[in-house]
Amino acid sequence: MLLTSIHVHNILNARINDMYNVLVVDFSPYRDDITSLFRNNGYEVAVCENAFEAMSKLRAYDFDLVVSEVELPGDNAFDLYNYLNKNYPYIPAIMTTDKSIDAFFDKIFNEGIGNVLKKPLKESEVLNLSQKLITKNNIFNITNYLKDAVDTKRIRIQGSRQIQKAIAAVIRQINEWGFPIANKMALTLVLNELAINAVYHSHGLTLEKEERRPVQLGENEYVDIHFSHNNGEYAISITDYKGCLSKMKILDSINRVIVQENLITKASETGEDISDFVTETGRGIDLVRKLSGEYYFIIKKDVKTEIILIFSREGAAAPKMQNNSSLKIIEDNSET
């Protein structure tokens with residue numbers, strides 16, 4: 003079995019008699035596992051092996067979601083995504099791959115692809131993501147991503163000087179819940195970067211951040227850190243109430259970091275001076291995807307941004323750099 007099973011639950015029980023239609027595009031043996039996963043959870047599934055056939059099916063039938071392998075015979079998934087974006091922009095898509103997404107992130111960035119999952123897929127992750135991309139319902143709040151969450155807590159931040167104490171309190175509580183965190187420095191670094199970005203960038207205080215000036219947010223302005231757990235996982239979210247982040251800003255930040263990393267690698271071989279090209283831009287977002295077990299960027303334009311991190315008990319002991327990270331962005335651009 004290629005799928006990695008973790009406490010899978012049927013998230014579609016409320017809509018079991020009103021099935022969503024999914025188009026699975028994959029020529030590998032993994033196609034059968036993905037198809038079974040969706041069918042066993044109440045979806046209608048159509049299957050094809052290449053982009054040309056997928057385009058034909060899109061013209062003939064109504065679909066709620068497209069799930070496609072990146073590498074396809076003939077036209078690849080990026081051609082399919084381009085076609086989908088131009089002709090059916092209302093249909094969300096998830097790309098899947100068994101390779102590191104960094105190897106082709108330039109194409110992800112150019113096409114504006116927000117969701118790429120690494121094989122083997124976690125069943126609960128792909129089901130949860132699919133349901134939220136289709137319905138845009140219950141997209142915020144860690145309790146909608148962490149099954150059977152208990153003891154949910156919140157810390158509210160209204161100024162930059164509160165960030166370090168808030169993060170220390172979160173990590174202390176996670177330890178008290180019984181989750182080992184061997185590499186506290188890595189987790190602290192991720193949370194610190196996210197909280198700083200939420201306090202400064204989301205509130206238009208980029209200059210103050212660059213000048214490393216402490217700030218106090220205005221009246222009724224704040225950033226929330228929520229954290230919760232179940233028997234096997236804990237989750238942390240950072241929320242701002244500005245909604246300034248966007249899918250393309252996230253992709254641009256990650257792409258800049260990858261380009262920089264490639265330049266640094268090249269410079270180490272050639273001795274070229276690249277100091278003018280190295281910045282801290284995008285570091286926080288890049289750390290999320292590299293150090294988190296499971297994560298989501300969730301955005302309601304001009305309203306709210308929430309970044310959710312989920313760690314399993316098995317992976318909680320030592321957050322470490324992931325060479326095969328996925329990408330998950332749920333963006334609601336509706337006016338209501």
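Quick note: to get my numbering, add 2 to the position in the sequence shown (first position is 1).
Every residue, glycine too, gets a C-beta built ideally from N, C-alpha and C.
Classify residue 94 as buried or exposed, calling it buried when 16 or more other Cβ atoms lie within 10 Å of its own Cβ.
-> Position 92 of the sequence shown, counted from the first residue, corresponds to residue 94. Label assigned to residue 94: buried.
Which of the three DSSP states, helix, strand or coil, is assigned to residue 96?
-> Position 94 of the sequence shown holds residue 96. Correct three-state label for residue 96: strand.
Does the distance from the CB of residue 63 to the CB of residue 48 come in under 8 Å?
-> One-based indexing of the sequence shown puts residue 63 at position 61. One-based indexing of the sequence shown puts residue 48 at position 46. Going by C-beta atoms, residue 63 is nearer than 8 Å to residue 48.
Assigned exposure category for residue 305 - 16 Cβ within 10 Å defines buried = Here residue 305 refers to the residue found at position 303 when the sequence shown is read from its first residue. When all chains shown are included, residue 305 counts as exposed.
Any idea if residue 113 is buried or exposed, counting beta-carbon neighbours within 10 angstroms, 16 or more meaning buried?
-> Along the sequence shown, read from residue 1 onward, the residue named residue 113 stands at position 111. Under this definition residue 113 is a buried residue.
Considering only residues of the same chain and omitting the five flanking positions on each side of residue 22, which have a CB-CB separation below 6 Å?
-> As a first step, residue 22 is located in the sequence shown; it is residue number 20 there, counting from the start. Same-chain partners within the cutoff: 45, 66, 136.
Which listed residue (56, 121, 129, 103) has its alpha carbon closest to that of residue 42 = Taking the sequence shown and counting its residues from 1, one reaches residue 42 at position 40. Looking at the Cα atoms, 129 is the closest of the given residues.
Exposed or buried, residue 298, counting other C-beta atoms within 10 Å across all chains shown (16 or more means buried)?
-> Counted from its first residue, the sequence shown places residue 298 at position 296. Buried, since its Cβ has 16 or more Cβ neighbours within 10 Å.
For residue 69 versus residue 118, is the C-beta distance shorter than 8 Å?
-> For the purposes of this step, residue 69 is taken as residue 67 along the sequence shown, with counting starting at 1. For the purposes of this step, residue 118 is taken as residue 116 along the sequence shown, with counting starting at 1. No, they are not a contact pair.
If we count the other Cβ atoms within 10 Å of its Cβ and call it buried at 16 or more, is residue 337 buried or exposed?
-> As a working mapping, residue 337 is identified with position 335 in the sequence shown. Residue 337 comes out exposed.
Taking the DSSP output, what are the residues bridged to residue 299?
-> For the purposes of this step, residue 299 is taken as the residue at position 297 of the sequence shown. When beta bridges are read from the DSSP output, residue 299 appears opposite 309, 331.
Contiguous beta strand (DSSP E) assignments of at least 3 residues, all confined to the stretch 64-93 | 67-71
Could you tell me which of 126, 90, 144, 96 sits nearest to residue 227, measuring between CA atoms?
-> In the sequence shown, the residue the question calls residue 227 occupies position 225. Of the listed residues, the one whose Cα sits closest to residue 227 is 144.
Provide the residue span of the beta strand (DSSP E) that contains residue 1, from first to last.
-> Outside the displayed span of the chain (3 to 338) sits residue 1, for which this structure offers no information.
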